[in-house]
Every structure is written in structure tokens, then in C-alpha cells.
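Counting from 12, one number per residue, gives the positions in the sequence shown under my numbering. We treat Cβ as the ideally placed atom computed from N, Cα and C, and that holds for glycine. Working notes, structure below.
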Amino acid sequence: QLHAKLIPSLNANESQEIIMNWSLIEPKAFNDAFSGEVLLQLIREGLAREDPSAALVQNCMVLKSIALQVNHPLAALACIRETFSLLFFAVHVGNDQYWYLPFADQISLISSVLIPLTHQFAAPSNESLEMALYVISCLLHKHWSKIENTPLPYHNAIAYPGLVQDDPTFKTFFEKVKGILLQFCGASSPDLALLILTVLPVPSFSRAAKESISESLWSEVIEMTLRTFFVSYEGNDALRVASWRLNVSSVDRRALMEVARNSSNAFTLLAILDQWKAEVEGMDQTVQWPSELFDFAIGFTPNEYRSFDLLPLWFFVLELVESPRFHPVQCQQDAWKFLNYFKTLFTNSKMDVPTVLAAKAVEIYFFRIIRRKSGPNSKGDAALFQMVGKFMQLRNVSKYANYSQFFENTEGIMDSLYDFESLQRDILSHLFPT
Numbered sequence: 012q013l014h015a016k017l018i019p020s021l022n023a024n025e026s027q028e029i030i031m032n033w034s035l036i037e038p039k040a041f042n043d044a045f046s047g048e049v050l051l052q053l054i055r056e057g058l059a060r061e062d063p064s065a066a067l068v069q070n071c072m073v074l075k076s077i078a079l080q081v082n083h084p085l086a087a088l089a090c091i092r093e094t095f096s097l098l099f100f101a102v103h104v105g106n107d108q109y110w111y112l113p114f115a116d117q118i119s120l121i122s123s124v125l126i127p128l129t130h131q132f133a134a135p136s137n138e139s140l141e142m143a144l145y146v147i148s149c150l151l152h153k154h155w156s157k158i159e160n161t162p163l164p165y166h167n168a169i170a171y172p173g174l175v176q177d178d179p180t181f182k183t184f185f186e187k188v189k190g191i192l193l194q195f196c197g198a199s200s201p202d203l204a205l206l207i208l209t210v211l212p213v214p215s216f217s218r219a220a221k222e223s224i225s226e227s228l229w230s231e232v233i234e235m236t237l238r239t240f241f242v243s244y245e246g247n248d249a250l251r252v253a254s255w256r257l258n259v260s261s262v263d264r265r266a267l268m269e270v271a272r273n274s275s276n277a278f279t280l281l282a283i284l285d286q287w288k289a290e291v292e293g294m295d296q297t298v299q300w301p302s303e304l305f306d307f308a309i310g311f312t313p314n315e316y317r318s319f320d321l322l323p324l325w326f327f328v329l330e331l332v333e334s335p336r337f338h339p340v341q342c343q344q345d346a347w348k349f350l351n352y353f354k355t356l357f358t359n360s361k362m363d364v365p366t367v368l369a370a371k372a373v374e375i376y377f378f379r380i381i382r383r384k385s386g387p388n389s390k391g392d393a394a395l396f397q398m399v400g401k402f403m404q405l406r407n408v409s410k411y412a413n414y415s416q417f418f419e420n421t422e423g424i425m426d427s428l429y430d431f432e433s434l435q436r437d438i439l440s441h442l443f444p445t
């Protein structure tokens, strides 16, 4: 009875007569009191004489209830610290026996405490950044480094995941944690997505590194986070806002772009490319774009049924070409790379109709930039107009009949008023409306 009157229930349908107004608690005092060591003391000091798993889970839920009543990031952070301290933590109690919180309980705490509180209090703040860090740290779950030797009168295992990796039960646990974390990233708000991009550790390519996220998982997490960010972010220059948060050094850049390209993670590749582009933009105007920016962008192969992932990379290349740093003569090799890329692309019989039309429009716009920068040339100009004429004739082909509005809008593609934004708008609105 007293517990029910002191601790608010998480069930909104229950009638509650709370005699303690937790909202009056000073958030900082609550945060100082629960530093991530309180619940562990029950184990470290041997205060429990039997398996305390159920009680520890209940205490985490109590802390969550109070944190929600206090309704402050500091209170939520305190609860997350205490909860995380119990995860991926094992005690060697002696005689080759161990205790750790059961996997089902750990999954439950991640899903019902860490993730909801981090979602609810996501904001551009240090507290939210730390909360996101605790959640993302679960991606290192295969490395149970928190092992302590404490003689206890109870145990629930004869091994732990850091000791044995090949046990099917452990593998299932790992996969569940990974799935939950990917869902967390895919459901993030713009603020939370930026926090995830900030705290996600970059994989180490050193064989000596033990506690490091794998390259493929890093790329997958970044991809999932960026996709939801680009959909929900309402500010300007979303790509630059996101790429600025990546902790990618120039040393690891190429290796991570290779991983993203090989994994067909278009937005991960795009963000690293944009980070490199921003670096060059800070240099003298005479510095040309590195050829690798073009190589990586046009060397991308999308997964099946995801040919639209090519679009942002094509747009990225067009931005490079429109820049004063790109000169048709000095950068002739890169220009030919892009043109030859489209020749190869059009021989792909599996390319869907919207992607083919988008590619032809991008090719024309690219050629238009080159002609404008190169100056008058009757032969080159004639080739460009011939290319536009053939493109417009496609509207009479039956398989392109459903895209009449796209053809109508792009009739002015040679007009100086038809700019890069017009091209993007027409492709996205009329070829890929969803």
C-alpha cells in the first residue's frame, strides 16, 4: 500500500493517490544521488542472499516512474545510468560460476527504459547526448568487459558472452540487441538522429582493437539514422548538417567509403563525401575537387529495387561540376568518367523506367554545364541539342507514357532559368513522388 502511494504507476488507466510529489524533487539532486553505482552496490557488497534479478529490474522501473514524474533530462539520465550499469555485466562468483541479469531482462530494460527515455528527452543538450551514448553503447554488447570477481551465494550461469562467443543463446541475444538498436535509429527524431551520428564510435581498422563496432554495422547504423533524418528534418542544408556530425577522420575516410559502397549504403557514402567536400571548400578556390569524390560517387551500385538510391549521388556530382573548382579542360578526366558512366548505365536492361529518365535528364544537365563552361563550340552545342531532341522523343514511347508531366516540365532544360533545383524538383516530384 505504501509503495503504491509513493511510487507512481506507469499505467495511465490506474487511479493513483500519490502522497509524494516527485515533480518537486530537484533534478540535479536526483541525478547526483543516482550516479550509476547505486543498484550495483546490491551486488558488489553482497547485500542480497539470493538472485536479485527480479528486484533489480523492478528498481529500474521504479526509477523510470520517478524520472517521468520529475520530468527533467537530468532525472532521465540518472535512471538510464543506473539501468545501463546492469547491462552486459557479469560477476564471477567462484568455482567457474557466474551471475548476470538474464537476457530477457536486459532486452526488456533496453526496450522499456533506455530507449523510451532517450526518445522522450532528445534535445540538443549534454544530457541528451549522454543518454544517446548509453543506448548506442549497447552496440558493443559482444564485449562484456564489466566483469567482477565477487563471492556470492548464488549464480545463474557457467559462462558469459565475453567468455564464449559461439553459444547459440548468446548469438540470439546479440541479434535481438542489434535489431532493437536499429529500430531505435530508424525511429529517431531529427534531434536524436544528430545525437546518434555524434556519439556513434568509428570502427577501428586495427586488429589490436577489441572493443570496436564492426565496419559493416557502423555503416548500417549510419544509413538507418540518415534515412530517417532526411525524411523528418525540416531545416536547410540537411546533408551538411548531418555530415558535420560524423566522427570520420581523413585517415579512415577512404576505408569507410569503401565499406559504405560495398554495403550499398548510399546515404552513408554521401555523408562522408559531403564531409570531404566541405573540407575542400575551406581551401583556396584554385584547389580542384579530388578525383576520388567522382570515383566513389559513380562507383556505387544500389541494392535490387533501390535504384533511386543513385539520385543523391548524381546530384552530388552535379554540384561538384557546377562549382568554380571544376573546369572542363583541367578536369576533363573526371568529366569523361561521368559521361562514360551513363553510357554503361543505359546498357543495363534491369534499370527501371523512372531511373532511366532521371539519368538522361541528369546527363543532359551535366552536358549543359560543360558546354556553358567551355564556351562556344558548334560541334559540341549541336551534340547537346541532338541529345535533348532524342530525350524529348521518348515521350512518344509507350513505356514512358505515364511521365508526360516530367517531359513537359523538362522541355525548358536548356533555358538558363532552368537551374539545378528545378532539375531536382522535377525528378523527385514526377519520377519518384513517394
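Item, Value
"For residue 154, report the span of its beta strand (DSSP E) as first-last.", "Counting along the chain, residue 154 falls outside any beta strand (DSSP E), and DSSP gives it neither H nor E."
"At what residue ranges does the stretch 107 to 177 contain a whole run of the alpha helix (DSSP H), taking only runs of 4 or more?", "114 to 120, 126 to 131 and 137 to 147"
"Can you give me the C-alpha to C-alpha distance between residue 251 and residue 216, rounded to a whole angstrom?", "26 Å"
"Does the beta-carbon of residue 226 have 16 or more other beta-carbons within 10 angstroms, so that it is buried, or is it exposed?", "buried"
"Is residue 41 helix, strand or coil when you go by DSSP?", "helix"
"Which two residues bound the contiguous alpha helix (DSSP H) that contains residue 441?", "431 to 441"
"For the stretch 301 to 363, which segments carrying the alpha helix (DSSP H) assignment without a break, of at least 4 residues, lie completely within its bounds, in sequence order?", "302 to 309, 322 to 333 and 343 to 356"
"Please report how far the alpha carbon of residue 13 lies from the alpha carbon of residue 65, in whole angstroms.", "Per-residue confidence for residue 13 stands at a pLDDT of 37, beneath the threshold of 50, marking its modelled position as unreliable; the derived number appears in the next sentence. In a straight line, the C-alpha of residue 13 is about 20 Å away from that of residue 65."
"Let's test the definition: count the other Cβ atoms within 10 Å of the Cβ of residue 325 and tell me whether it reaches 16, buried, or not, exposed.", "buried"
"Report, in whole angstroms, the separation of the C-beta atoms of residue 118 and residue 187, which I expect to be a contact under 8 Å.", "6 Å"
"Give the secondary structure of residue 190 by DSSP, where H, G and I count as helix, E and B as strand, and everything else as coil.", "helix"
"Between the C-alpha atoms of residue 334 and residue 305, what's the straight-line distance to the nearest angstrom?", "14 Å"
"Does the Cβ of residue 152 have 16 or more other Cβ atoms within 10 Å, making it buried, or fewer, making it exposed?", "buried"
"Among the candidates 113, 381, 131 and 389, whose CA atom is the shortest distance from the CA of residue 344?", "381"
"Where residue 395 and residue 351 are concerned, what is the direct C-alpha to C-alpha distance, given to the nearest angstrom?", "15 Å"
"When you compare each of 398, 264, 67 and 155 to residue 290 by their alpha carbons, which one comes out closest?", "264"
"If the criterion is Cβ atoms closer than 8 Å, does the pair residue 73 and residue 34 meet it?", "no"
"As a quick exercise: from 138, 439, 387 and 270, pick the residue whose alpha carbon is nearest that of residue 365.", "439"
"On the DSSP bridge assignment, give the partners of residue 408 in chain order.", "DSSP output for residue 408 lists no bridge partner at all."
"Beta-carbon separation of residue 229 and residue 257 under 8 Å?", "no"
"Go ahead and pull the three-state DSSP assignment for residue 198.", "coil"
"Could you please give me the residues that DSSP links to residue 101 through a beta bridge?", "111 and 158"
"To which residues of the same chain is residue 323 closer than 6 Å at the C-beta, ignoring the five residues directly before and after it?", "281"
"Considering only the beta carbon of each residue, do residue 132 and residue 204 sit closer than 8 Å?", "no"
"Let's see if you can read the secondary structure: which residues bound the alpha helix (DSSP H) around residue 239?", "226 to 243"
"Reducing DSSP to helix, strand and coil, say where residue 34 ends up.", "helix"
"Can you tell which of 53, 369 and 427 has the C-alpha that lies nearest to the C-alpha of residue 383?", "427"
"Can you tell me whether DSSP reads residue 52 as helix, strand or coil?", "helix"
"Measuring alpha carbon to alpha carbon, tell me which of 127, 68, 318 and 164 ends up nearest residue 362.", "318"
"Apart from the five residues just before and just after residue 342, which ones in its own chain have a Cβ nearer than 7 Å to its Cβ?", "299"
"Is residue 331 near the ligand NAP, going by C-beta to nearest heavy atom under 7 Å?", "Among the components of this structure there are no ligands whatsoever, and the ligand NAP is therefore not found."
"Can the beta-carbon of residue 307 be found less than 8 Å from the beta-carbon of residue 328?", "no"
"Buried or exposed: which applies to residue 443, given that a residue is buried once 16 or more other Cβ atoms fall within 10 Å of its Cβ?", "exposed"
"Compute the beta-carbon to beta-carbon distance between residue 416 and residue 441, rounded to the nearest angstrom, for a pair I have assumed lies under 8 Å.", "5 Å"
"Excluding sequence positions up to five away, which residues of its chain have a Cβ less than 7 Å from the Cβ of residue 270?", "226, 227 and 230"
"Give me, in chain order, the residues of the same chain whose beta-carbon lies closer than 7 Å to that of residue 286; leave out the 5 immediate sequence neighbours on both sides.", "254, 257 and 259"
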